[in-house]
Amino acid sequence: MSSRAPHVLIIGAGTGGMCLAHGLRMAGISVAVYERHRTRTDGLLGYRVGIGPTGNRALRDCLPPELFDTFVATCARSPRYFNVITQTLHQTASFELRPDIDPVNADRSVSRMTLRQVLLTGMDDVVHFDKTCTGFEQHDDGTVTAMFADGSTADGDLLVAADGTHSAIRRQYLPHAHTEDAGSINIAVKIPLTDHTRSLLPDRVRQGISLIFATHGIMGILHVMEFRWDQDGSVRSGIGSADAELLERWPGLLYDNTRDYINIILWSTARKFPADVMRWRGEDLVRLPLELTRGWHPNLRELLMHSDPGSVIAIKVATSEPVPPWQASTVTLLGDAIHTMTPGRGAGANTALRDAALLCGQLKRAAAGDKTIVQAVADYEAAMLPYGFARVADSLRNNGTSGDDRLYRPVIGRLSLMAARGYFALTSRVPRLREKFVDDLYTYRGAEG
Ligand SMILES: Cc1cc2nc3c(=O)[nH]c(=O)nc-3n(C[C@H](O)[C@H](O)[C@H](O)COP(=O)(O)OP(=O)(O)OC[C@H]3O[C@@H](n4cnc5c(N)ncnc54)[C@H](O)[C@@H]3O)c2cc1C
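As structure tokens, then:
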């Protein structure tokens with residue numbers, strides 16, 4: 074067993090990589106993060122991510138306490154309702170969610186950019202930007218070298234691939250591990266929340282998260298993101314002096330990503346989209362949701378007309394195949410780098426955070442001399458692989474996230490839509506079923522199995 078304090082190299086300053094970096098630094102373990110983007114605001118996909126009890130727990134365990142409080146304070150107001158609606162704004166079902174009084178047992182929405190900025194706070198000496206990792210070499214003395222596109226290298230005792238779905242490290246380390254196209258495409262738009270756009274939404278939709286089960290094989294989700302800042306970027310009054318002080322101090326305020334907005338994501342099988350949609354940008358891409366939603370309620374279409382053209386993006390949804398266990402070594406993987414999953418259950422970021430906290434715990438034991446680094450990695454991988462790929466399978470089964478879902482078939486699609494709406498309608502109306510549905514929602518989002 075090496076008696077030297079380990080140095081950990083993390084590739085990717087995303088959700089999982091930065092959570093791990095914080096945890097290691099808090100534990101006094103030397104760590105360096107290498108990120109391909111050139112600045113802290115480059116390349117941010119989408120606008121919103123839902124963090125539930127699993128992700129909250131990991132962040133609480135890895136972040137300095139004040140930074141965890143900052144994460145909680147920078148999340149949007151928690152949704153009060155989970156609604157299921159139709160394309161005509163008819164409410165099929167509405168479930169009241171739990172009040173957001175517990176920092177961990179809550180389901181929160183956060184802007185991806187804000188989450189990244191929270192995770193980068195205070196880490197200037199740890200994160201190296203503009204470093205695209207191209208591969209690695211493992212040495213007989215137990216060390217590992219990461220290689221970068223600019224010709225530089227970095228040496229450490231462990232290399233952690235936190236470099237997302239297209240991981241360069243996974244390609245070299247586990248060439249048999251595959252990610253694949255799930256066959257569906259998402260179009261995400263951001264609509265500024267103004268008095269007018271707010272007035273277009275029914276009360277429960279305005280206060281909640283709404284899943285849209287529409288006809289003709291179109292699905293959607295609508296989130297209203299309201300923060301603790303007003304439209305001028307000043308901290309709103311009445312949020313409590315401790316939180317106001319915390320937010321005034323937070324350097325993330327330097328970046329303008331704190332205004333309220335409505336996030337709508339529409340998705341369907343890729344067959345419904347133009348073949349070159351991934352190359353569409355701006356105004357062209359804004360027109361696409363309007364074409365997909367012909368015949369929808371005028372208020373929903375008007376919301377889409379207010380989309381910010383600079384923010385609309387098309388996302389090709391990916392998934393991954395389970396990988397059989399392999400012999401542990403001085404290279405490991407976390408998050409999307411190993412178990413890319415569709416957004417079907419909103420679990421990818423939560424699972425990446427869970428991986429980070431689990432690996433951090435194992436590495437602390439290695440640093441304390443309880444086990445070798447390779448044993449710590451083996452124990453981490455033995456726990457991570459089953460739950461990681463269980464989440465991949467769940468996410469593929471949900472809400473038309475697979476392009477081959479029954480919802481997209483000609484006749485059976487209509488029956489599946491009626492069955493799905495019927496299920497939600499019944500569940501929300503029978504008290505026992507309603508309570509179980511909400512319990513299951515929180516249990517799943519906080520699952521440790
Ligand atoms: C539309 C959509 C909605 C979603 N909603 C949710 C949700 O509500 N809840 C949820 O839990 N999950 C959600 N997810 C999934 C979630 O976004 C991902 O699972 C999560 O971001 C994965 O985190 P990660 O740390 O593994 O990777 P990432 O956050 O993707 O980070 C990877 C990092 O590695 C960097 N990188 C890549 N290659 C290299 C390289 N060669 N060298 C150096 N750096 C590199 C990237 O620039 C990036 O910063 C959603 C996904 C999508 C597409």
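Quick note: the sequence shown, position 248, residue 321 per this note's numbering, numbers continuous.
Note that beta-carbon positions come from the ideal geometry of N, C-alpha and C, so glycine has one too.
All figures in this text were calculated on a predicted structure; none of them were measured in a lab.
Asked, Found
"Is K204 helix, strand or coil when you go by DSSP?", "coil"
"Have a look at T205, V511, I386 and S310 and flag the residue whose alpha-carbon is nearest the alpha-carbon of I242.", "T205"
"Using three-state DSSP, classify A287 as helix, strand or coil.", "coil"
"Give a yes or no on whether the C-beta atoms belonging to H412 and G461 are separated by under 8 Å.", "yes"
"Would the segment 353-368 and the segment 401-418 be scored as touching if the rule is three or more Cβ pairs under 8 Å?", "no"
"In the DSSP output, which residue or residues are listed as bridge partners for R271?", "DSSP, once it has assigned bridges, lists no residue as partnering R271."
"By alpha-carbon positions, which one of V106, H296 and A287 ends up nearest to R150?", "H296"
"Below 8 Å between beta carbons: does that hold for G123 and D180?", "yes"
"Can you check the segment 122-206 for any beta strand (DSSP E) of at least 3 residues that lies completely inside it and give the ranges in chain order?", "154-158, 164-169 and 181-184"
"Evaluate M74 with the Cβ neighbour count: other Cβ atoms within 10 Å of its Cβ, from every protein chain shown; 16 or more gives buried, anything less gives exposed.", "Low confidence applies to M74: its pLDDT is 44, below 50, so where it sits in the model is not reliable enough to give any reading."
"Which residues bound the beta strand (DSSP E) around D389?", "This sequence places Lys at residue 389; Asp is not what is there. K389 -> beta strand (DSSP E) spans I386 to S393."
"Residues in the same chain with beta-carbon distance under 8 Å from R438, minus the five sequence neighbours each way, listed in chain order, please.", "K444 and A449"
"Comparing alpha-carbon positions, which option in I388, R111, G101 and R189 lies nearest L132?", "R189"
"What is the residue span of the beta strand (DSSP E) that P265 lies within?", "T252 to P265"
"Per DSSP, which residues does I83 bridge with? Please list them.", "V106 and V233"
"Among the residues of its own chain, which have a CB less than 7 Å from the CB of R271, if the five just before and after it don't count?", "R279"
"Who does I282 pair with in a DSSP beta bridge?", "F155 and H296"
"What do you reckon, are the CB atoms on I84 and A222 nearer than 8 Å?", "no"
"Do you know how far the Cα of L458 is from the Cα of L93?", "17 Å"
"Rounding to the nearest angstrom, what Cα-Cα distance links M351 and W302 in this structure?", "33 Å"
"Take R130 and list the residues in its own chain whose beta-carbon comes closer than 6 Å to its own, dropping the five residues that flank it on each side.", "V177"
"What's the C-alpha gap between L314 and G125?", "Reading off the sequence, residue 314 comes out as Ser, not Leu. For S314 and G125, the distance between alpha carbons rounds to 26 Å."
"In this structure, does DSSP put N372 in helix, strand or coil?", "helix"
"With the cut-off set at 8 Å, would you say L273 and L376 are in Cβ contact?", "yes"
"With a threshold of 7 Å (Cβ to nearest heavy atom), would D381 be considered close to ligand 1?", "no"
"Is the segment 499-517 touching the segment 163-175, taking contact as three or more C-beta pairs under 8 Å?", "yes"
"May I ask you to check if the CB of R427 is nearer than 7 Å to at least one heavy atom of ligand 1?", "no"
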